[in-house]
Every structure is written in C-alpha cells, then in structure tokens.
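Worksheet: the structure to be examined is printed underneath.
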Amino acid sequence: MAEHVRIMLSEEEVNQKIQQIAKQISEDYAGKQVHLVCVLKGGVFFMCELAKRITVPVSMDFMCVSSYGSETKSSGVVKIVKDLDEPLDNKDVLIVEDIIDSGRTLSYLIEMLKKRGPESIRVCTLLDKPERRVVDVNVDYTCFEIPDEFVIGYGLDYDQRYRNLPYIGVVEFD
Numbered sequence: 302m303a304e305h306v307r308i309m310l311s312e313e314e315v316n317q318k319i320q321q322i323a324k325q326i327s328e329d330y331a332g333k334q335v336h337l338v339c340v341l342k343g344g345v346f347f348m349c350e351l352a353k354r355i356t357v358p359v360s361m362d363f364m365c366v367s368s369y370g371s372e373t374k375s376s377g378v379v380k381i382v383k384d385l386d387e388p389l390d391n392k393d394v395l396i397v398e399d400i401i402d403s404g405r406t407l408s409y410l411i412e413m414l415k416k417r418g419p420e421s422i423r424v425c426t427l428l429d430k431p432e433r434r435v436v437d438v439n440v441d442y443t444c445f446e447i448p449d450e451f452v453i454g455y456g457l458d459y460d461q462r463y464r465n466l467p468y469i470g471v472v473e474f475d
C-alpha cells in the first residue's frame, strides 16, 4: 500500500495562527509567568514556536503520554512514558498539545495535573478534531479545527515519520 501526503495547512498559515494565539496568551497572562507543559513528542515543535512568540515570562517542562503506538487511531489506553521534572505548585500551567481528538488522553492528563497544586490549568492545541470527541474537554486556545483526517507534519507523525514537515498534511493511502 503506497502513501502520499496532501497539504492541509501551509507553513505560512500555521505560523500566522501561532502568532495570533501567542498574542492572546500573552494578553491573558499579563503580569504572570506561564508554565508550558509540552506533551511529547508531537507537541515539541508547536511549543517551541509558541514559546518564542509569547511575551510574558515562560518556563517549560515536558511529559510523554501515549495512546497511539503505531496506529492511526487512539487506543484509549493512556500510558505515562515520561513524567514532569518540576512540581506544579502555584504555577499557571498551560498544557501544549499538538492535536486533540477523542479527548481521552487530555482529560486524563488534566485530572492528574490538577492534583499537583497548580494555580491554574489551561489547554492550548495546534489542532482540534471536535467531531472525534468522546470525552468532553475544555480547550482554551485552538489554532485550527480540522476534519477527521489523519494528519502529519509540524511534530505530528505516522509511525515516527513526517514530524519534520513544516506544514500540516494528510497521509493518504492508495
């Protein structure tokens, strides 16, 4: 089975939207420091670009949570692969995700992090697939709502490939 990539969102569109979201985050966190929690691996590209554009003080930490494996659909089983290095006590936390679809992983993550004593928790995602939602989650900042297609690029992968594409594409199989 052959595969090819169709561009869904160009590099320019993605960069422009990240700039807009960073401006809104900077306004919302004025006078505060925002602690970005990146959900690896896919979120790292987005978080780095977002952090560069946020004008308030930023700190960051990383966690790796898996629910896919090498499949194209979420398994629904959440596994913490790497936990945070720093405590969240009294921090204004912004979870940075590459994509939200079913909401299972994010819901689990939010509930787990709430128990660690942050001042606040908000969510920022590059991509949102609301039609795939099976668990209701509040997403504070969304760059793009997209249809139910399997997307890659800008940190998103298919079996660990395509993360380095500077745009959002769709993997299509012949």
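In the working numbering, the protein residues as written are 302 to 475. Glycine included, C-beta positions come from ideal geometry on N, C-alpha and C.
My output table needs one value for residue i: the three-state DSSP class, helix, strand or coil.
i	result
residue 355	coil
residue 373	Residue confidence is low: residue 373 scores 48 on pLDDT, short of 50, so the model does not pin down where it sits. Its coordinate-derived value is still stated next. Residue 373 falls in the coil class under three-state DSSP.
residue 329	helix
residue 404	coil
residue 410	helix
residue 321	helix
residue 462	strand
residue 450	coil
residue 387	coil
residue 348	helix
Based on DSSP bridge pairs, tell me the residues matched to residue i.
i	result
residue 421	393
residue 362	338
residue 429	401 and 446
residue 315	For residue 315, which the question treats as bridged, DSSP gives no partner whatsoever.
Just confirm the distance between the C-beta atoms of residue i and residue j, as a whole number of angstroms; I'd bet it's less than 8 angstroms.
i	j	result
residue 424	residue 440	5 angstroms
residue 249	residue 338	Since the first and last residues shown for the chain are 302 and 475, residue 249 lies out of range.
residue 456	residue 345	6 angstroms
residue 367	residue 380	5 angstroms
residue 355	residue 335	7 angstroms
residue 426	residue 401	5 angstroms
residue 474	residue 304	5 angstroms
residue 322	residue 442	5 angstroms
residue 399	residue 445	So it is not a contact: roughly 11 angstroms between Cβ atoms.
Counting along the chain, where does the beta strand (DSSP E) carrying residue i start and finish?
i	result
residue 442	442-446
residue 466	Where residue 466 is concerned, there is no enclosing beta strand (DSSP E), given that its DSSP letter is neither H nor E.
residue 291	No answer is possible for residue 291: the residues shown for the chain start at 302 and end at 475.
residue 436	Here residue 436 belongs to no beta strand (DSSP E), and DSSP marks it neither H nor E.
residue 310	304-310
Mind checking whether the beta-carbon of residue i lies closer than 6 angstroms to any heavy atom of the ligand ADP?
i	result
residue 343	Within the structure as shown, the ligand ADP is missing, as the structure has no ligands at all.
At a Cβ threshold of 7 angstroms, is residue i touching chain C?
i	result
residue 386	Absent from the structure: chain C. Only one protein chain is present.
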